[in-house]
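Protein chains in written order, with my numbering: chain A, 244 to 572; chain B, 244 to 572.
Quick look at the structure:
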């Protein structure tokens with residue numbers, strides 16, 4: 244006789260457990276072997292309703308975000324996704340349709356990214372929906388790209404565009420901003436979508452592993468995260484506002500409200516890869532990124548000395564920020 | 244400049260990240276290689292204040308419970324703990340002393356069980372304290388002990404004693420029970436402690452791997468969990484109430500309230516290993532368990548046919564239960 248919990252797992256999550264070692268979620272644990280000569284890269288990140296996503300965000304997007312914030316880290320480290328486990332804490336009264344949407348979003352991402360479900364735990368909570376995903380990937384032993392490793396003169400690169408998600412969140416919280424920024428439908432939708440569903444740069448992992456001296460994903464804001472990379476690499480950096488890769492929506496918003504550069508550079512939720520490349524490897528990095536179909540932009544360089552990175556405005560003056568990145572505490 | 248979150252990690256959790264691949268929690272991910280010929284066993288379980296532990300339970304015990312419920316699963320599968328990751332969701336106003344107690348309990352268990360911290364995520368929640376631990380272990384490739392594998396005639400064994408935690412929880416919720424059950428101080432403390440801090444049978448893992456045909460840990464109640472094992476093994480079972488291993492506290496409570504046998508057999512939170520052993524391996528299993536210092540008891544046998552297991556009372560009549568095991572849904 245199946246309990247409610249078993250039924251929930253069988254109905255919604257067993258279809259995601261396609262790997263042999265997951266034993267169709269009928270056991271207490273799963274098993275996994277990395278290919279010979281490879282090691283396992285381990286990452287966990289949690290998302291909480293009202294903190295990392297909005298309670299009325301579509302449930303399929305919530306599931307995608309919960310998984311993708313982890314895949315973004317694996318990619319920045321040069322690892323290929325291999326699988327995930329999840330704990331899902333649900334309040335009373337969660338609807339079947341929410342669960343269906345959630346499971347469907349997760350299934351589609353597990354398939355798209357080759358990251359099947361290996362296990363999980365579904366629990367009741369008197370609090371909000373909370374999802375904790377543990378994702379693991381593989382790479383050749385000893386090849387994980389660290390935050391440490393950036394050297395003076397290395398070029399600083401980012402993938403995609405910066406600041407979209409931070410402005411998307413502002414639009415969700417204060418819809419009147421859309422008028423103030425004079426945004427068209429497409430740009431509005433794009434920015435909100437960038438907040439709701441990150442795009443982990445999985446296709447760039449191999450290129451990062453081959454050519455980057457240091458890398459991380461940008462989750463808490465470009466300036467702050469670059470600061471963290473510089474700190475463990477014991478260097479500083481200078482990046483230029485005028486070459487930051489910006490979407491048309493962000494450009495439009497900045498035209499109407501130039502002070503938003505603060506939000507763009509420190510707001511977080513970008514889930515783009517930030518990495519440093521030695522000058523002699525830049526050409527190879529550019530070529531492999533292009534072959535992988537991932538847009539990259541050179542935004543500055545690593546400087547000698549320690550200290551927070553400098554973001555220089557178009558007129559050459561350095562910008563300063565009230566806080567460099569997001570912190571929960 | 245460290246954020247509040249970074250400070251919290253540096254102060255409380257970095258000391259637990261003793262493995263090389265954890266990079267002292269200064270990176271976005273960690274790496275791990277199982278020994279050659281070994282594979283990784285993966286498990287995640289979450290605990291939520293008010294659901295899996297009581298909000299005023301001592302914080303060091305909360306941390307131990309969060310880790311140990313996972314180690315209990317690894318042990319039942321025959322795996323040796325290798326490491327863990329954690330997501331910790333904290334409400335506003337959590338005190339430094341709570342965090343200190345929590346980190347100290349976790350550190351002591353990470354050391355005791357050879358299970359260092361490889362990473363984690365610390366987030367704010369508007370809900371209760373929630374801890375999700377992902378633990379991994381290793382064992383020789385292909386040797387994970389499954390729930391499936393029990394055969395007709397195999398003997399059913401459990402470790403330790405059954406029902407302690409379920410009665411301990413009753414005592415915490417309804418302190419007047421102590422008088423009703425006429426419990427002495429030592430038994431009262433023992434039962435409550437068994438609820439608060441499980442004792443994963445890590446030392447028995449190798450013996451289980453060598454001799455068990457099927458195994459799982461008992462987290463949701465003996466009868467229900469044996470039912471799950473029987474279901475995937477496509478067998479049934481008969482166990483005898485008179486040979487269930489019971490602590491002196493449980494025996495005393497049963498003398499005063501015989502109906503508690505229901506709670507003892509289905510209440511959950513035991514975190515003991517339930518396993519089946521082919522008759523010709525029983526002697527070896529007994530000897531290796533004794534060498535490992537883990538008490539084991541033979542409680543019944545596997546029967547042909549499918550269907551829920553039968554628990555037979557001392558007078559030979561079968562007992563039946565309103566629900567066989569705990570389910571959140």
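No residue lacks a Cβ here, since even glycine has one placed at the ideal position from N, Cα and C.
These numbers were taken from a predicted model, which means no experiment stands behind them.
When 7 Å is used as the limit between beta carbons, residue 363 (chain A) is near these residues of chain B: 287, in chain order.
For residue 327 (chain A), there is no enclosing alpha helix (DSSP H); the enclosing beta strand (DSSP E) has its first and last residue at 323 to 333. Residue 402 (chain A) is positioned such that its CB atom lies closer than 8 Å to that of residue 444 (chain A). Distance from the CA atom of residue 377 (chain A) to the CA atom of residue 485 (chain B), rounded to whole angstroms, is 43 Å.
In chain A, no part has a C-beta under 7 Å from the C-beta of residue 256 (chain B); the shortest such distance is about 13 Å.
By the beta-carbon neighbour count (other beta carbons within 10 angstroms, threshold 16), residue 422 (chain A) is exposed. Between residue 545 (chain A) and residue 400 (chain A), the C-beta gap is not smaller than 8 Å, which leaves the two residues out of contact. Residues of chain A whose Cβ lies closer than 8 Å to the Cβ of residue 263 (chain B) do not exist, since the nearest Cβ in that chain is about 11 Å away. In the DSSP assignment, the residues bridged to residue 287 (chain A) are A:377. For a cut-off of 8 Å, the C-beta gap from residue 461 (chain A) to residue 515 (chain A) is around 5 Å, short enough to register as a contact. Of the other Cβ atoms in all chains shown, 16 or more fall within 10 Å of the Cβ of residue 495 (chain B); this residue is therefore buried. Contact annotation: residue 358 (chain B) and residue 457 (chain B) have beta-carbon atoms that are not nearer than 8 Å. If you look at residue 541 (chain A), you'll find it in the beta strand (DSSP E) that goes 539 to 546. Taking the Cα of residue 252 (chain B) as reference, the smallest distance to any Cα among B:277, B:331 and B:393 is reached at B:331. The shortest C-alpha to C-alpha distance from residue 537 (chain B) to any of B:384, B:450, B:473 and B:510 is the one to B:450. Taking 8 Å as the CB threshold, residue 561 (chain A) stays off the interface with chain B. Cβ atoms of residue 478 (chain A) and residue 508 (chain A) stay farther apart than 8 Å, at about 19 Å. In this structure, residue 269 (chain A) and residue 475 (chain B) form a Cβ contact; the two beta carbons are roughly 5 Å apart against a cut-off of 8 Å.
For the 8 Å CB-CB criterion, residue 395 (chain A) and residue 547 (chain A) form a contact. Residue 292 (chain B) is bridged by DSSP to B:296. When A:447, A:366, A:375 and A:370 are compared, the shortest CA-CA separation from residue 364 (chain B) is found for A:375.
The three-state secondary structure of residue 389 (chain A), taken from DSSP, is coil.
In the structure shown, residue 363 (chain B) adopts extended strand secondary structure according to DSSP, grouped into three states. With the rule of 3 Cβ pairs closer than 8 Å, the region 337 to 352 of chain A does not count as touching the region 290 to 297 of chain A. Residues of chain B whose Cβ lies closer than 7 Å to the Cβ of residue 526 (chain A) do not exist; the shortest such Cβ separation is about 27 Å. Residue 555 (chain A) is bridged by DSSP to A:483 and A:561. If you check the CB distance, residue 257 (chain A) and residue 267 (chain A) come in under 8 Å. The beta carbon of residue 553 (chain B) is closer than 6 Å to those of 481 and 561 in its chain, skipping five residues each way along the sequence.
With a contact defined as Cβ atoms closer than 8 Å, residue 265 (chain B) and residue 362 (chain B) qualify at about 7 Å.
Residues of chain B whose Cβ lies closer than 8 Å to the Cβ of residue 389 (chain A) are, in chain order, 266 and 270. In its chain, beyond the 5 residues on either side, 434, 435, 437 and 438 have a beta carbon closer than 6 Å to the beta carbon of residue 411 (chain B). In the DSSP secondary-structure assignment, residue 402 (chain A) is bridged to A:539. Ranked by Cα distance from residue 318 (chain A), the first of A:380, A:366, A:346 and A:531 is A:380. Measuring C-alpha to C-alpha distances from residue 384 (chain B) to each of B:492, B:259, B:279 and B:511 identifies B:279 as the nearest. Annotation for residue 518 (chain B): the continuous beta strand (DSSP E) segment containing it runs 515 to 520. For residue 369 (chain B), the number of other beta carbons within 10 angstroms of its own is below 16, and it is reported as exposed.
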